[in-house]
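Structure record follows, encoded as structure tokens.
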Amino acid sequence: ALLACACAGGAEPIHVREVRALGGDASSALAETGIDPAGVEDAVRTALAGAGFRMGAGPRPHVAGVDVPAIRVVPGPGGLRAEVSVEVILTPAAAASTPPRRELGTAAVAFADAGAPRDAWRRALAAAAQRAADGLAIGIRAEGKRVDGLVADLGSKDPRVREQAIRVLGERHAREAVPALVAELDREDARLAHRIVGALAQIGDARAVPALIDLARGSDPTLTTHLVRFIGDIGGPEAEGYLLTVASGHPDAQVRQAAREALDDLAARAKDAPVAARK
């Protein structure tokens, strides 16, 4: 039931009329395990159906492309494991202007029977395809939710649900979600923090600046450089004051340069603002 709603805002469910194997860097290696392109397509077709997508002709037709970027043998508890990565690219069949959705799934399965390694590769492929298909469905569900529903998703135990909520809030420039996004920066999750910072930069609300400044303090120079640029993009008096301090006193030259460039951008925007207002 969670993923069966592969639709947005009450729209017709997405139908996948075709699944195409695109190859990928590891396709030839996968073929050596006994899984040909038709086997890859079958695995993804089953995964998409399991995630709630409708298969065959119907409203909102899409085509699913399948890439296999990597397969490898990895160590794991109890012995070696077969690991497969699958990327599913879901493209509208009619709306050429709509960008495709992409999701990568990776799964590893133990070689339980040394005499039948192909079974492990098939199961790893199926699990990776399912993770990719589930991720696509979660993203589509997020796009159909209101802001309050997306804010609630920030507390989900599923990191994919949280990541998709952050993505959609940023794309919508949802200013009302800024306090909730800032609060999530306290999580001990670097991947999530990077996504939140990107969303806050997209939204451009000055209320995010203090939290971004706090995050920049004590961060490595590479991260601080990115944060300085995001703070400059948001702007405002607090951002300008911070950038002035960093430009003149930060020990890292790259960070100082980024702060000077951000200040120049702020000055240029301030100069252009009266012109835009007159228009």
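Quick note: the sequence shown, position 250, residue 253 per this note's numbering, numbers continuous. Quick reminder that beta carbons are idealized off the backbone N, C-alpha and C, glycines included.
May I ask you to report which of helix, strand or coil DSSP gives residue i?
i, result
"leucine 172", "helix"
"aspartate 137", "helix"
"threonine 15", "Sequence check: residue 15 is glutamate here, not threonine. Three-state DSSP puts glutamate 15 in coil, outside helix and strand."
"serine 100", "coil"
"glutamate 241", "helix"
"leucine 107", "strand"
"alanine 29", "coil"
"alanine 279", "Confidence at alanine 279 is low in this model, with a pLDDT of 48, below 50, so the placement of that residue is unreliable and no value is reported for it."
"alanine 9", "Because the pLDDT of alanine 9 is 42, which lies under 50, any placement of that residue in the model is unreliable, and the question is left without a value."
"alanine 123", "helix"
"alanine 60", "coil"
Need the endpoints of the beta strand (DSSP E) that residue i sits in, please.
i, result
"aspartate 70", "64-79"
"threonine 94", "82-95"
When the Cα atoms are used, what is the spatial distance from residue i to residue j?
i, j, result
"alanine 7", "alanine 54", "Its pLDDT being 45, under 50, alanine 7 is placed unreliably by the model, and the measurement read from it follows with that caveat. If you take the alpha carbons of alanine 7 and alanine 54, they lie about 6 Å apart."
"glutamate 35", "valine 150", "47 Å"
"alanine 168", "aspartate 122", "36 Å"
"leucine 269", "isoleucine 234", "10 Å"
"valine 91", "proline 62", "20 Å"
"proline 80", "alanine 111", "11 Å"
Only counting the same chain, and skipping five residues up and downstream in sequence, which positions put a Cβ closer than 7 Å to that of residue i?
i, result
"isoleucine 206", "Gly173, His176, Ala177, Arg178, Val181"
So, for residue i: in the same chain, excluding its five sequence neighbours on each side, which residues have a beta-carbon less than 6 Å away from its beta-carbon?
i, result
"glutamate 187", "Leu157, Ile199"
"valine 43", "Ala24, Val69"
"alanine 262", "Val231, Leu246, Val249, Ala250"
"aspartate 236", "Ala204"
Start and end of the alpha helix (DSSP H) containing residue i?
i, result
"alanine 193", "193-206"
"glycine 42", "40-53"
"glycine 221", "Run containing glycine 221: none; DSSP gives neither H nor E here."
"proline 182", "181-187"
"aspartate 255", "No alpha helix (DSSP H) holds aspartate 255; DSSP gives it neither H nor E."
Just list the residues that DSSP pairs residue i with in beta bridges.
i, result
"alanine 24", "Val69"
Near residue i, what residues of its chain come up, given a Cβ to Cβ distance below 8 Å and the 5 sequence neighbours on each side ignored?
i, result
"glycine 82", "Ala113, Phe114"
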